[in-house]
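In full-length UniProt numbering, the protein residues as written are 1 to 286.
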């Protein structure tokens, strides 16, 4: 490796595709019991975090992912009061959920407390004070075990997992999805991070096969996040309620009432995100 090579962080999640981000500064580099965490700096995307070499979030484009993972299910539900987040140690999902004043309680279950602590220190803009909000209950525990044992029920469950390798692998199983559904209230909505379909099609198909067996209304919606390279990212969607059928007029009314000022999400984008291109439709199970 040359000196010039060392100035780039190269992600090789896929065997035949890679992306690189120029590194101007290393702010954190440490291995926890579960994974190696780095916080680096890039001229275009600002600070970014990698877990085991895979980009998880960047200051530059994190708002797209976090807004679409939260505002879509919460505004589609319309009456969400209790929200469960599995993962999301950087605090970005919690930040966006807590922007909804109508949400009364948020339970966030993160397996690695080290992620939370170093994100508070090195990526504070992502949580933006969310960890200090009295409505947030942070639980350091295994998310799969939590949904298996809790007797609580939630209006919206957001699975902000890493890719299906290492500690995050269990969060992509049919057993986990079934136990998560058990934790939903009537008409509740489950949303999952499901990777980039162009490069991770099997991952999406497997999740959709499980959702088809579990939910009356199942599918996915898309958002384009630049550093989740390879095309738009899929967010899995499952509910037995009418959430996807909410009209644009009703979404717009809920959006206005919530008083949100997002940078990516709009009611129009919300509706359009469920319109899937042919290659993604082809990944849906028969």
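For every residue, glycine included, the Cβ atom is placed at its ideal position computed from N, Cα and C.
With a minimum length of 3 residues, the unbroken runs of beta strand (DSSP E) contained wholly in the stretch 123-206 fall at 136-140, 154-160, 184-193. Around the Cβ of residue 202, a 10 Å sphere holds fewer than 16 other Cβ atoms; the residue is exposed.
The residue from 15, 46, 30, 27 with its alpha-carbon nearest to that of residue 21 is 46. Under the 8 Å Cβ criterion, the stretch 207-216 does not count as touching the stretch 153-160, having fewer than three qualifying pairs. If you look at residue 246, you'll find it isn't in any beta strand (DSSP E); DSSP assigns it neither H nor E. Looking at the backbone, the Cα of residue 49 and that of residue 94 are separated by about 17 Å. In the three-state reduction of the DSSP assignment, residue 29 falls in the strand class, which pools E and B.
Residue 53 has its alpha-carbon roughly 32 Å from the corresponding atom of residue 74.
Cα atoms of residue 173 and residue 183: separation of roughly 16 Å, rounded to the nearest angstrom. Annotation: residue 221 is outside any alpha helix (DSSP H); the continuous beta strand (DSSP E) that includes it extends over 217-223. For residue 121, DSSP records no beta bridge to any residue.
When secondary structure is reduced to three states using DSSP, residue 72 falls in the helix class. Relative to the Cα of residue 221, the nearest Cα in the group 56, 26, 37, 70 belongs to 70. For residue 150, same chain residues with a beta-carbon under 8 Å away, outside a window of 5 residues either side, are 183 in chain order. In this structure, the alpha-carbon of residue 240 lies about 11 Å from that of residue 77. Inter-residue distance for residue 86 and residue 141 is about 10 Å (C-alpha atoms, whole angstroms). Between residue 219 and residue 196, the gap from beta carbon to beta carbon reaches 8 Å or more. Taking a cut-off of 8 Å for Cβ pairs, the stretch 256-267 and the stretch 277-286 do not touch, as fewer than three such pairs fall below it. Boundaries around residue 39 are those of the beta strand (DSSP E), 36-42, since no alpha helix (DSSP H) includes it.
In this structure residue 267 is buried. Its beta-carbon is surrounded by 16 or more other beta-carbon atoms within 10 angstroms.
Distance from residue 83 to residue 106 at the Cβ level is roughly 5 Å; contact confirmed, criterion being Cβ atoms closer than 8 Å. According to the DSSP assignment, residue 94 belongs to the alpha helix (DSSP H) that extends over 92-97. Here DSSP, grouped into helix, strand and coil, assigns residue 100 to coil. Spanning the alpha carbons of residue 28 and residue 228 requires a straight line of approximately 21 Å.
The three-state reading of DSSP puts residue 47 in strand, counting E and B together. Spatial neighbours of residue 17 in its own chain (CB-CB distance under 7 Å, excluding positions within 5 residues in sequence) are listed in chain order as 199, 230.
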